[in-house]
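Structure first, then comments.
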Amino acid sequence: MELDLTVNGESHQLIVKPGDTLLSVLRHTLGLTGTKESCGRGECGACTVLIGDRPVMSCMLLAVEVDSQVTTIEGLTDRSLDLRESFAQAYGFQCGFCTSGQIVRAEALFMRATPGSLHRHDVAEALSGNICRCTGYTQIVTAVELCARRRGLWANEDTP
Numbered sequence: 006m007e008l009d010l011t012v013n014g015e016s017h018q019l020i021v022k023p024g025d026t027l028l029s030v031l032r033h034t035l036g037l038t039g040t041k042e043s044c045g046r047g048e049c050g051a052c053t054v055l056i057g058d059r060p061v062m063s064c065m066l067l068a069v070e071v072d073s074q075v076t077t078i079e080g081l082t083d084r085s086l087d088l089r090e091s092f093a094q095a096y097g098f099q100c101g102f103c104t105s106g107q108i109v110r111a112e113a114l115f116m117r118a119t120p121g122s123l124h125r126h127d128v129a130e131a132l133s134g135n136i137c138r139c140t141g142y143t144q145i146v147t148a149v150e151l152c153a154r155r156r157g158l159w160a161n162e163d164t165p
């Protein structure tokens, strides 16, 4: 099948099989390996990408069903620099396998947030679909909180 797909702002005309997942097309056809392949069942979140401004697990979506701009971790490079720095500062990753999915989910949260609106429970809820095998959840939530504070998205009553 022919597929017109816009990924990270670039238009691609591809030939895909009807059963190809978005994850497979991203990794194996387009060579975008920042989106990780892990469970293949939509349970771990390592394959999270943005469709428009909505985080989705790309292993659960057929490529032919995509009807909007796809943004992978590679497409967030400039936008997420401060978030990646916050992850490093707060020790928000250990092995790093889940990090791209965590960052994509955090950016989706930030896109929907208004200044001064986020709380720790919002971050925990937004990241709840992503599994960290190294059990670094506290540091991951702290990293997202640090970045949200820097971006002015953190609720004032939580600001020291």
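In the working numbering, the protein residues as written are 6 to 165. Beta carbons are placed, not taken as given, at the ideal position from N, Cα and C, and that holds for glycine.
Chain-order list of residues whose beta-carbon lies under 6 Å from that of Trp159 (same chain, five-residue window excluded): For Trp159, the CB contacts under 6 Å within the same chain, skipping 5 residues up- and downstream, are Leu123, Ala153 in chain order.
Own chain, CB closer than 6 Å to Ala95, minus 5 neighbours either side, in chain order: Closer than 6 Å at Cβ, skipping near neighbours: Gln144, Thr147, Ala148, Leu151.
C-alpha distance - Asp163 paired with Met6, whole-angstrom precision: Below a pLDDT of 50, predicted positions are generally treated as unreliable, and Asp163, at 47, falls in that range; the measurement from the model is reported next regardless. Roughly 51 Å separates the two Cα atoms.
Coil, strand or helix - Leu37 by DSSP: DSSP, reduced to helix, strand and coil, places Leu37 outside both helices and strands of the structure shown, so it counts as coil.
Contact under 8 Å by Cβ, Val30 with Val21: Cβ atoms of Val30 and Val21: closer than 8 Å.
Ranges of the alpha helix (DSSP H) found wholly within the stretch 19-107, counting only runs of at least 4: You should have 86-94.
Paired residues, beta bridge with Asp9 - DSSP: Per DSSP, Gln18.
Rounded C-alpha distance that separates Met62 from Asp83: Spanning the two alpha carbons is a distance of roughly 22 Å.
Limits of the unbroken alpha helix (DSSP H) element including Cys152: Note, Cys152: alpha helix (DSSP H), 142-155.
Other residues of its chain near Ala51: CB distance less than 6 Å, five sequence neighbours each side excluded: Lys41, Ser43, Cys103, Gly106, listed in sequence order.
Buried versus exposed, by CB contacts within 10 Å (16 or more), Asp127: Buried, by the Cβ-count rule.
Alpha-carbon to alpha-carbon, Val109 and Leu81: Those two C-alpha atoms are separated by around 8 Å.
C-beta contact flag for Thr76 and Val54 at 8 Å: In this structure, Val54 lies closer than 8 Å to Thr76 by Cβ.
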